[in-house]
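Undergrad:
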Amino acid sequence: MGCYQCHGYEGQGARPTGPRIAPEPLPFAVFSTWVRHPPEVMPAYSRDVRSEDKLERIHEYLISIPPPPDVSTLPALSEN
Amino acid sequence: MANRREFLKGIATVGAASGLGVASNPATSDASTQAGQELSAVPPSSREAAMEGERPDDDYSETEAEHYFVDHPGSDFMVDVVKSLGIDYLASNPGSSFRGFHESIVNYGGNAKPEFLTCLHEESSVAMGHGYAKIAGKPLAVACHGTVGLQHAAMAIYNAWCDRAPVVVLAGNHLDATERRAGVEWAHSVQDAAKLVRDFTKWDDTPMSLAHFGESLVRAYKIAMTPPMGPVVIVMDGHLQEQEIGSPAPVVPDLSPTVPPQGDSGALREAAELLANAERPVILADRTVRTAEGMARLVALAEALQAPVVDRAGRLNFPTNHYLNHSGRARGLVSNADVILGLELYDFWGNVNRMSDLVHREATRTARADAKLISLGVNDLFIKSNYQSFQRYQPVDLSIAGDAEATLPALTEEVKRAMSPERRAGTAEREATLRRAHDEMRERAKVEATYAWNASPISTARMCMELWQQIRVRDWSMVSRTSQVSSWPQRLWNMDRHYQFIGGSGGYGVGYGAPGAVGAALANQEHGRLSVAIQADGDLMYAPGVLWTAAHHHIPLLSLVHNNRAYHQELMHLQKMASRRRRGADGRAKIGNVFEEPFIEFTEMARGLGVWSEGPIHDPNELAPAIARAIDVVEQGEPALLDVVSQPR
Numbered sequence: 009m010g011c012y013q014c015h016g017y018e019g020q021g022a023r024p025t026g027p028r029i030a031p032e033p034l035p036f037a038v039f040s041t042w043v044r045h046p047p048e049v050m051p052a053y054s055r056d057v058r059s060e061d062k063l064e065r066i067h068e069y070l071i072s073i074p075p076p077p078d079v080s081t082l083p084a085l086s087e088n
Numbered sequence: 049m050a051n052r053r054e055f056l057k058g059i060a061t062v063g064a065a066s067g068l069g070v071a072s073n074p075a076t077s078d079a080s081t082q083a084g085q086e087l088s089a090v091p092p093s094s095r096e097a098a099m100e101g102e103r104p105d106d107d108y109s110e111t112e113a114e115h116y117f118v119d120h121p122g123s124d125f126m127v128d129v130v131k132s133l134g135i136d137y138l139a140s141n142p143g144s145s146f147r148g149f150h151e152s153i154v155n156y157g158g159n160a161k162p163e164f165l166t167c168l169h170e171e172s173s174v175a176m177g178h179g180y181a182k183i184a185g186k187p188l189a190v191a192c193h194g195t196v197g198l199q200h201a202a203m204a205i206y207n208a209w210c211d212r213a214p215v216v217v218l219a220g221n222h223l224d225a226t227e228r229r230a231g232v233e234w235a236h237s238v239q240d241a242a243k244l245v246r247d248f249t250k251w252d253d254t255p256m257s258l259a260h261f262g263e264s265l266v267r268a269y270k271i272a273m274t275p276p277m278g279p280v281v282i283v284m285d286g287h288l289q290e291q292e293i294g295s296p297a298p299v300v301p302d303l304s305p306t307v308p309p310q311g312d313s314g315a316l317r318e319a320a321e322l323l324a325n326a327e328r329p330v331i332l333a334d335r336t337v338r339t340a341e342g343m344a345r346l347v348a349l350a351e352a353l354q355a356p357v358v359d360r361a362g363r364l365n366f367p368t369n370h371y372l373n374h375s376g377r378a379r380g381l382v383s384n385a386d387v388i389l390g391l392e393l394y395d396f397w398g399n400v401n402r403m404s405d406l407v408h409r410e411a412t413r414t415a416r417a418d419a420k421l422i423s424l425g426v427n428d429l430f431i432k433s434n435y436q437s438f439q440r441y442q443p444v445d446l447s448i449a450g451d452a453e454a455t456l457p458a459l460t461e462e463v464k465r466a467m468s469p470e471r472r473a474g475t476a477e478r479e480a481t482l483r484r485a486h487d488e489m490r491e492r493a494k495v496e497a498t499y500a501w502n503a504s505p506i507s508t509a510r511m512c513m514e515l516w517q518q519i520r521v522r523d524w525s526m527v528s529r530t531s532q533v534s535s536w537p538q539r540l541w542n543m544d545r546h547y548q549f550i551g552g553s554g555g556y557g558v559g560y561g562a563p564g565a566v567g568a569a570l571a572n573q574e575h576g577r578l579s580v581a582i583q584a585d586g587d588l589m590y591a592p593g594v595l596w597t598a599a600h601h602h603i604p605l606l607s608l609v610h611n612n613r614a615y616h617q618e619l620m621h622l623q624k625m626a627s628r629r630r631r632g633a634d635g636r637a638k639i640g641n642v643f644e645e646p647f648i649e650f651t652e653m654a655r656g657l658g659v660w661s662e663g664p665i666h667d668p669n670e671l672a673p674a675i676a677r678a679i680d681v682v683e684q685g686e687p688a689l690l691d692v693v694s695q696p697r
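Here the protein sequences line up with chains A and B, keeping their order. The numbering of the first sequence is my numbering, which starts it at 9 and goes up by one. The numbering of the second sequence is my numbering, which starts it at 49 and goes up by one.
#1: Among residues of its own chain, excluding the 5 on either side of Ala79 (chain B), which ones have a beta-carbon nearer than 8 Å to its beta-carbon?
#2: Would Arg335 (chain B) and Arg379 (chain B) be called neighbours here (beta carbons separated by less than 8 Å)?
#3: Quick check on Gly425 (chain B): buried or exposed, where buried means 16 or more other Cβ atoms within 10 Å of its Cβ?
#4: Kindly indicate the opening and closing residues of the beta strand (DSSP E) around Asn4 (chain B).
#5: Note down, in chain order, every chain B residue with its Cβ under 9 Å from the Cβ of Arg44 (chain A).
#6: Could you please give me the residues that DSSP links to Lys420 (chain B) through a beta bridge?
#7: Going by other Cβ atoms of all chains shown within 10 Å of its Cβ, with 16 needed for buried, is Arg23 (chain A) buried or exposed?
#8: Checking 8 Å against the spacing of the C-beta atoms, do Cys192 (chain B) and Ala201 (chain B) come in under that value?
#9: Taking only the alpha-carbon atoms, compute the straight-line gap between Ser80 (chain A) and Asp487 (chain B) and give it to the nearest angstrom.
#10: My parser needs the alpha helix (DSSP H) runs of 4 or more residues fully inside the stretch 587-655 of chain B; what are they?
#11: Any C-beta of chain D sitting closer than 8 Å to the C-beta of Tyr69 (chain A)?
#12: Less than 8 Å between the beta carbons of Val566 (chain B) and Leu588 (chain B), yes or no?
#13: Compare the C-beta of Leu690 (chain B) with all C-beta atoms of chain A and state if any pair is closer than 8 Å.
#14: Gln538 (chain B) by DSSP, collapsed to three states: which one?
#15: Assuming Ser579 (chain B) contacts Pro604 (chain B) (C-beta within less than 8 Å), just tell me the rounded distance between them.
#16: Report yes if the C-beta distance between Val485 (chain B) and Arg377 (chain B) is below 8 Å; otherwise report no.
#17: Quick check: what's the CA-CA separation for His15 (chain A) versus Arg28 (chain A)?
#18: Do we get a CB-CB distance below 8 Å when we pair Glu18 (chain A) with the residues of chain B?
#19: Could you work out which residue in B:Pro469, B:Val682, B:Thr481 and B:Thr498 is closest to Ser525 (chain B) when comparing CA atoms only?
#20: Let me see if you follow: with CB-CB separation under 8 Å, is Pro76 (chain A) close to chain B or not?
#21: By Cβ distance below 6 Å, which residues in the same chain neighbour Ala204 (chain B) in space, the five residues on each side in sequence not counted?
#22: What number of angstroms, rounded off, separates the C-alpha of Val300 (chain B) from the C-alpha of Asp128 (chain B)?
#23: Is the beta carbon of Ala184 (chain B) less than 8 Å from the beta carbon of Pro162 (chain B)?
#24: Where do the N-terminal and C-terminal ends of the alpha helix (DSSP H) with Pro457 (chain B) fall, by residue?
#25: Are the CB atoms of Val215 (chain B) and Pro255 (chain B) within a distance shorter than 8 Å?
#26: Run through chain A and tell me which residues come within less than 9 Å of Lys494 (chain B), C-beta to C-beta.
#27: Please decide whether Pro51 (chain A) counts as near chain B, where near means a Cβ-Cβ distance under 8 Å.
#28: Can you look up Asn427 (chain B) in the DSSP assignment and give me helix, strand or coil?
#29: Name the DSSP beta bridge partners of Ser661 (chain B), please?
#30: Ser54 (chain A) versus chain B: which residues are under 7 Å apart at the beta carbon?
#31: Which same chain residues, not among the five before or five after His616 (chain B), have their C-beta less than 6 Å away from its C-beta?
#32: Three or more C-beta pairs under 8 Å: does that hold for the stretch 497-515 of chain B against the stretch 527-541 of chain B?
#33: Take the Cβ of Pro91 (chain B) as the centre, count every other Cβ of all protein chains shown within 10 Å, and call the residue buried at 16 or more, exposed below.
#34: Do Phe36 (chain A) and Glu18 (chain A) have their C-beta atoms closer together than 8 Å?
#35: Determine the extent of the beta strand (DSSP E) in which Ala139 (chain B) is found, giving its start and end residues.
#36: With burial defined as no fewer than 16 other Cβ atoms inside 10 Å of the residue's Cβ, what is the status of Tyr556 (chain B): buried or exposed?
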C-alpha cells in the first residue's frame, strides 16, 4: 500500500515524512479513521483503494512488530 | 605578427641578459613587485629556460618558426591571472576550445596552484567546486567548453547559485568566425556563451583582449566572493589563448577583496530593542555561518538573549550540543514566538507559514499574527527574475540588508546595551527552561533512534550512529546533506565546528551529492580531517565517474551509500498522486521510481572506478566492522565506499 514509504518498513517513522506508527499502533478504529481522513500531508486512502479488511491486516502487522531495545543496551546511543 | 615576434624576441634577449622577463607573470599582481621580474610562474625546467632565453640553434627560418611556434601564448598570461588569485585547483575534463589554456596549466604553470583535476563530467567539476568552496572558503576554477561543456555544467551552476557558493567557471569559445576550423569548432562556438547560465550566475564577461581578460577574471573573483556569493563565468576566447601575448604585455591587476556589507547601525539598534524586550524570541539561522568565528558570534548573540536557535541547516550554524540549539522544536517555538530573527534565511515565508499539499492548496501562517519578524541577510542585495529560487515574499517588520556573519558582533553589542537589569534576570529564568528542553529533545531523539534498530534494511538512525561511534574521536567533517536520513546527525551527533556540516545542493538538483562531497573532501584533506558522506543512491548514479576522480587524485572520503533503491522522494510523490486519484495502492507507484531488477551493485561500480568498497550490507551488525575497515582506507589517503541497503528515510 505504500505505508513504508513514509513510515519505514517497521513503522518506525521518519522525521521528514511521517510519524512512528508501530509498535503499539493506535486502536484500529482510530487508525482507520486516520488513514481515511488524515490531517496535513498524508494522502487519504479511500475504501475503494484499501478495504477495511486489508487495513485490519496492516494493523495486525503493526501490532506484531516487537518493541525496540532500550537505549541503555545500545552503546552507540547510550555512550553518546 | 612578425613585428610582434621581433619585439618579444627583443624582450627575451634583454631579459636573459639582465635577469628580467616579460610582464606576463603572477609576480606582477604583487604590489611589492613590478612587471617583468620573472618569466615563469614556477622554477623553469631546462627546456623552459632554453625557450625563454637562447633557443637551440636549429634550422628554422624566421617564416617557418613563425608558422610552427608560439613562444609566449596568451593562455600563459591567463594562467598568471588564475595564479594571482590563489586558486589551487582547476576541475575540468578536457576540451579543444581551451586546449591552449590546458597546456599552459600543465606546462607553463607546472600543474600546481592550480592543479588540473581530471573530471569526467562538467557537472561534476562545478559541483566539486561547490563543495570545495564551502570548506575552503574560496573558489576553485572550472574549465569547460562554452557550448557543450557549459550545458553539462549548467545544473551544477544553478545549485551553486541557489546555495550561495562561489565557483569560477572558465568557458572556452571561438568568437571570431573567420578563425574557426570547419566542423567541430563551429559546433563548439557560440555568440554569447554565458547567456545560457546568466539567469543563475552573479556575473560574466567575454573578454576581447588579454588585458580585458585579466581585469574581468579578477573582477569576477571579487564578485563571486562578495556576499551573497555565487558562481561567475569568464569566457576564454580560443584565439586569445593560442596567439602571442603581444605587446605591451598585459599586467595582472591586483585583487581588492570587498569587505562584506554590515547592517545599518540604526536598524540594528531597533532590532536589538525588539529582541531584548521579547518574552519568547527565536533565532532562525540558515546560510549564516561560514567560519569558526561566525559560529562563535552566533553563540554569543544567542547567549546574550538566552534565545533558542533553530538551525535550518543551510550550513552548520550552531553547535548541536549547545543548550540553546532547539532545532528539533522549530514548529512549537515559531508558533509561540513574539519576535523571530531570521539570519540569511533561504525561505523566510516558509518558516512562518505553511502551504498544504492537498488538492486545494491553502496557506496558513504558523507564526503568531502579532509576532515581530526581523530579517538580517544579503538576499535582498542580489536577486534575479527568471528562476524562482528566491521563494515567496514575506513582509517583515524590519528588513536589514547586510551579511549576517559580519553583522552579528554589532547586533550582539546592541542587544547587550538594550538589555535592562530586569530583562537580564528574566533571561536567567529562560536559560533554565531552555536547558531542560534541550536535554529532553536530545533524549527523545535517542529513544526514537531505537525503533527499527535491528531492522534490515538498515535504519537510517543505526547507520548514522554506527558511523558516529567511530568518527567522534577524530577530526571529522560531514560533507553530505542529512535530511534524507531524518537529520540524525544534527539530532544526535555533537557538531560544534563550522566545517562539520556544509548543507546540501541548494537548488535540489540531483547529482550534487557525490561530486560536492569529493570537492569538500579535497578541501578537508590539507587539514587532515576525516571527510564522511551519506551518499544518496540515485544522486550517485547521475555522474558516478567522480569516484574515479577521487581515486585518481587520492582524495580521502568515506561514503556510505544510503541505498534505499529508489528515487524515494518521487516514489512518495507518486503514491500521493495515486491516493488522491483513488487508485494505485498496488505498488504501481514504483514504476519509474525504484532501482530493482536488477539492483544497482554500487560496490562493483566503485571498485571498477578504483575505489575501495564493500557491500551490499544488509545486516546492521555488519556495519560497524565495515566502517572500521573503510576508515582505515580513508586514513591512508584514499576514498572508500560502503553500500548500505537501508530504510527509506
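A virtual CB, placed ideally from N, CA and C, is assigned to each residue, including glycine.
TA: For this structure:
#1: Indexing the second sequence from 1 puts residue 79 (chain B) at position 31. With a pLDDT of only 35 at Ala79 (chain B), under the threshold of 50, the placement of this residue in the model should not be trusted; the figure read from the coordinates follows. Hits under 8 Å: Asp302.
#2: Start at 1 with the first residue of the second sequence, and residue 335 (chain B) comes out as number 287. Start at 1 with the first residue of the second sequence, and residue 379 (chain B) comes out as number 331. Cβ distance not < 8 Å, so Arg335 (chain B) and Arg379 (chain B) don't count as in contact.
#3: Residue 425 (chain B) sits at position 377 when you count from the first residue of the second sequence. So Gly425 (chain B) ends up on the buried side.
#4: The structure shown has nothing for residue 4 (chain B), since chain B only spans 49 to 697.
#5: Translated into positions along the first sequence, residue 44 (chain A) becomes position 36. Result: empty, since nearest Cβ-Cβ is about 11 Å, beyond 9 Å.
#6: What you label residue 420 (chain B) is simply residue 372 of the second sequence in a count that begins at 1. Its beta-bridge partners are B:Val387.
#7: Residue mapping note: residue 23 (chain A) aligns to position 15 of the first sequence, counting from 1. The residue is buried, with at least 16 neighbouring Cβ atoms inside 10 Å.
#8: On the second sequence, position 144 is the one that residue 192 (chain B) refers to. On the second sequence, position 153 is the one that residue 201 (chain B) refers to. Yes.
#9: Taking the first residue of the first sequence as position 1, residue 80 (chain A) is located at position 72. Taking the first residue of the second sequence as position 1, residue 487 (chain B) is located at position 439. So the two alpha carbons sit approximately 16 Å from each other.
#10: 594-600 and 616-628
#11: Of the protein chains in this structure, namely A and B, none is chain D.
#12: As a working note, residue 566 (chain B) is residue 518 in the second sequence. As a working note, residue 588 (chain B) is residue 540 in the second sequence. It is not a contact, given that the beta carbons lie outside the stated cut-off.
#13: Along the second sequence, read from residue 1 onward, the residue named residue 690 (chain B) stands at position 642. Taking Cβ atoms only, chain A never reaches closer than 8 Å to Leu690 (chain B), which makes this a no.
#14: Indexing the second sequence from 1 puts residue 538 (chain B) at position 490. Gln538 (chain B) falls in the helix class under three-state DSSP.
#15: Looking up residue 579 (chain B) in the second sequence gives position 531. Looking up residue 604 (chain B) in the second sequence gives position 556. Indeed, because the Cβ distance is near 7 Å, the residues count as touching under 8 Å.
#16: Position 437 of the second sequence, counted from the first residue, corresponds to residue 485 (chain B). Position 329 of the second sequence, counted from the first residue, corresponds to residue 377 (chain B). According to the sequence provided, residue 485 (chain B) is Ala. The question's Val does not apply to it. Closer than 8 Å, so yes.
#17: As a working mapping, residue 15 (chain A) is identified with position 7 in the first sequence. As a working mapping, residue 28 (chain A) is identified with position 20 in the first sequence. His15 (chain A) and Arg28 (chain A): Cα-Cα distance of roughly 6 Å.
#18: Residue mapping note: residue 18 (chain A) aligns to position 10 of the first sequence, counting from 1. Yes, because at least one Cβ of chain B sits closer than 8 Å to the Cβ of Glu18 (chain A).
#19: On the second sequence, residue 525 (chain B) is found 477 positions in, with the first residue counted as 1. With distances taken between Cα atoms, Ser525 (chain B) lies closest to B:Val682.
#20: Residue 76 (chain A) sits at position 68 when you count from the first residue of the first sequence. True, the Cβ-Cβ gap to chain B drops below 8 Å.
#21: Reading the second sequence from its first residue, position 156 is the one you call residue 204 (chain B). Excluding residues within five positions, the ones whose Cβ falls inside 6 Å are Glu171, Val174 and Ala175.
#22: In the second sequence, counting from the first residue as 1, residue 300 (chain B) sits at position 252. In the second sequence, counting from the first residue as 1, residue 128 (chain B) sits at position 80. Answer to the nearest angstrom: the Cα atoms are 7 Å apart.
#23: In the second sequence, counting from the first residue as 1, residue 184 (chain B) sits at position 136. In the second sequence, counting from the first residue as 1, residue 162 (chain B) sits at position 114. Result no, Cβ atoms of Ala184 (chain B) and Pro162 (chain B) do not sit closer than 8 Å.
#24: Along the second sequence, one-based indexing puts residue 457 (chain B) at 409. Looking at the DSSP string, the run of the alpha helix (DSSP H) that includes Pro457 (chain B) is Ala452 to Ala466.
#25: By one-based count along the second sequence, residue 255 (chain B) stands at place 207. By one-based count along the second sequence, residue 215 (chain B) stands at place 167. No.
#26: For this step, residue 494 (chain B) is matched to residue 446 along the second sequence. Under the 9 Å cutoff, chain A gives Val79, Leu82, Leu85, Ser86 and Asn88.
#27: Position 43 of the first sequence holds residue 51 (chain A). By this cut-off, Pro51 (chain A) is an interface position.
#28: For the purposes of this step, residue 427 (chain B) is taken as the residue at position 379 of the second sequence. Reduced to three states, the DSSP call for Asn427 (chain B) is helix.
#29: The residue given as residue 661 (chain B) occupies position 613 in the second sequence. In DSSP, Ser661 (chain B) forms a bridge with B:Leu689.
#30: Taking the first sequence and counting its residues from 1, the one referred to as residue 54 (chain A) is at position 46. Arg630, listed in chain order.
#31: For the purposes of this step, residue 616 (chain B) is identified with residue 568 of the second sequence, where counting begins at 1. So the qualifying residues of the chain are Pro696.
#32: yes
#33: Translated into positions along the second sequence, residue 91 (chain B) becomes position 43. Confidence is the limiting factor: at Pro91 (chain B) the pLDDT is only 48, short of 50, which leaves the residue's position unreliable and the question unanswerable from this model.
#34: The residue labelled residue 36 (chain A) in the question sits at position 28 within the first sequence. The residue labelled residue 18 (chain A) in the question sits at position 10 within the first sequence. No, the Cβ-Cβ distance between Phe36 (chain A) and Glu18 (chain A) is not below 8 Å.
#35: Your numbering for residue 139 (chain B) matches position 91 in the second sequence. It spans Tyr137 to Ser140 - the beta strand (DSSP E) in which Ala139 (chain B) sits, taken as one unbroken run.
#36: Counted from its first residue, the second sequence places residue 556 (chain B) at position 508. When all chains shown are included, Tyr556 (chain B) counts as exposed.
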